[in-house]
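Read left to right, the sequence shown gives residues 145 to 288 (this note's numbering). Positions of the beta carbon are idealized from the N, C-alpha and C atoms, including for glycine. Note that the structure is a prediction, hence the values are computed from the model and not measured. Worksheet: the structure to be examined is printed underneath.
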Amino acid sequence: MPSSRRRCPPSSTTARTSSSLSRADAALSELSIAGEQLPNPHLLIAPYLRQEAVLSSRIEGTRTTLSELFMDEVAAAPPERDPNDLREVRNHVEALEYGLARLSELPLSLRFVRELEVVARAKEAECREQAIGRAALSRRRSRA
């Protein structure tokens, strides 16, 4: 009778793979030690969070650059493109920052990812409501 369980192939870790893993582990340890010495490690992480937000938002069709996001954050210039795209990227940044803070309380898991999705969707709904409110206010002003 054939077994219904699948068997994993035997481990074939080579000396080269073991050496690479060992070097990677040592490098991560050094990075961890250096990170603990920084007064504010978020300063190093923040640009990567924003880059991830820009890139992942492109999947959804937004067209915002990292430069546009930074300019918006310092209120240096109005967006060159659709402000809704910029708002979408900002929502992603906020969800990622929320997730980074939440990692100290919740392990990386499906539950964690779902929670981030809820946060991101809530931000989108909040932005939509604000846009509707601004449009209604604008209509009232134009009638007056």
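Going by CA-CA distance only, name the one from G205, L254, R287, G243 that's closest to H186.
The residue with the shortest Cα to Cα distance from H186 is G243.
What does the Cβ neighbour count give for N184, buried or exposed, with the cut at 16 atoms within 10 Å?
Per the 10 Å Cβ criterion, exposed.
Among the residues of its own chain, which have a CB less than 7 Å from the CB of K267, if the five just before and after it don't count?
Excluding sequence positions up to five before and after K267, its CB lies within less than 7 Å of the CB of N235, E238, A239, all in the same chain and listed in chain order.
Please name the residue, chosen from L247, T206, R246, V218, that lies closest to T227 on a Cα-to-Cα basis.
Position check: residue 227 holds Pro in this sequence, whereas Thr was assumed. The shortest CA-to-CA distance from P227 to any of L247, T206, R246, V218 is the one to T206.
If you draw a straight line from the C-alpha of L210 to the C-alpha of V198, how long is it?
Roughly 6 Å separates the two Cα atoms.
Between E204, I203, R231, which has its C-alpha nearest M215's C-alpha?
For the residues E204, I203, R231, the minimum Cα distance to M215 belongs to R231.
Those runs of the alpha helix (DSSP H) which lie wholly inside the stretch 208-257 and span at least 4 residues:
List check, alpha helix (DSSP H) in window: 210-217, 227-246.
Can you name the start and end residues of the alpha helix (DSSP H) that E174 belongs to?
From DSSP, the alpha helix (DSSP H) with E174 extends over 159-181.
In angstroms, rounded to a whole number, what distance separates the CA positions of V263 and E241?
Rounded to the nearest whole angstrom, the CA to CA distance from V263 to E241 is 11 Å.
Close-in-space but distant-in-sequence residues of the same chain around E212 (CB under 8 Å, 5 per side omitted)
Same-chain partners within the cutoff: P223, E224, R225, L230.
Should V233 and S201 be called a contact, given that it needs their Cβ atoms to be closer than 7 Å?
If you check the CB distance, V233 and S201 come in under 7 Å.
With 16 as the cutoff for other CB atoms within 10 Å, does T208 come out buried or exposed?
Its Cβ being crowded by 16 or more others within 10 Å, T208 is buried.
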